[in-house]
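J.:
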Amino acid sequence: MTRVDLSDIYRDYIACLNKQDWTNLWQFVHDDVHYNGERIGLPGYREMLEKDFRAIPDLYFNIRLLISEPPRVASRLMFDCTPRGILFGLPVNGKRVSFSENVFYEFRDTRIAAVWSVIDKAAIETQL
150 MTRVDLSDIY
160 RDYIACLNKQ
170 DWTNLWQFVH
180 DDVHYNGERI
190 GLPGYREMLE
200 KDFRAIPDLY
210 FNIRLLISEP
220 PRVASRLMFD
230 CTPRGILFGL
240 PVNGKRVSFS
250 ENVFYEFRDT
260 RIAAVWSVID
270 KAAIETQL
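Residue numbering for the sequence shown follows my numbering, starting at 150 and increasing by one per position.
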């Protein structure tokens with residue numbers, strides 16, 4: 150797998166998320182995926198994403214920075230959205246907020262096998 154191939158796969162994965170195309174998520178996420186060190190599997194990963202979209206109806210993943218070094222991808226994702234209620238323990242309650250996520254992925258057989266994610270919660274706090 151080349152850097153370009155992996156970058157293209159990752160961009161297709163982000164497009165899948167933005168379309169909320171859950172039936173095709175398996176094409177990008179390994180059955181045995183780990184998230185921040187915990188095995189959650191594909192069903193758990195899908196459930197996590199569906200929950201995110203319920204909490205943030207206008208959620209849109211915007212790739213700001215993408216670095217590919219097979220079998221890994223590093224990405225800085227930007228969000229500008231209007232979450233309902235509580236978000237990451239913060240009372241957002243429908244206020245528009247902008248924040249970033251720094252996330253690292255490890256691929257196995259062209260699918261995401263591990264994800265490490267850090268969300269800039271402090272950026273949200275300063276906007277409330």
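Every residue gets a Cβ at the ideal spot worked out from N, C-alpha and C, and that includes glycine.
Do Val246 and Ile273 come within 8 Å of each other at the CB atom, strictly closer than that value?
T.: yes
J.: Between the alpha carbons of Lys200 and Pro232, how many angstroms are there, rounded?
T.: If I take the Cα positions, the gap works out to 12 Å.
J.: Return the chain-ordered list of same chain residues with a C-beta closer than 6 Å to the C-beta of Ile235, the five sequence neighbours on each side being excluded.
T.: none
J.: What does a CB cutoff of less than 6 Å around Asp157 pick up in its chain, not counting 5 residues either side in sequence?
T.: none
J.: Quick check on this structure: which residue in Ala204, Ile189, Arg225 and Asn173 has the alpha carbon closest to the alpha carbon of Ser249?
T.: Comparing Cα-Cα distances from Ser249 to each of Ala204, Ile189, Arg225 and Asn173, the minimum goes to Arg225.
J.: What beta strand (DSSP E) runs, 3 residues minimum, are completely inside the region 203-269?
T.: 211-218, 221-230, 246-257 and 260-268
J.: With 16 as the cutoff for other CB atoms within 10 Å, does Val178 come out buried or exposed?
T.: buried
J.: Under three-state DSSP, which class holds Asp161?
T.: In this structure, Asp161 counts as helix in the three-state DSSP scheme.
J.: What are the boundary residues of the beta strand (DSSP E) that Asp170 is part of?
T.: Per DSSP, Asp170 belongs to no beta strand (DSSP E) and is neither H nor E.
J.: Assign Phe256 to one of two classes, buried (16 or more other C-beta atoms within 10 Å of its C-beta) or exposed (fewer than that).
T.: buried
J.: Please report how far the alpha carbon of Ile216 lies from the alpha carbon of Trp265, in whole angstroms.
T.: Answer to the nearest angstrom: the Cα atoms are 15 Å apart.
J.: Expressed to the nearest angstrom, what Euclidean distance is found between the alpha-carbon atoms of Leu208 and Gly190?
T.: 22 Å
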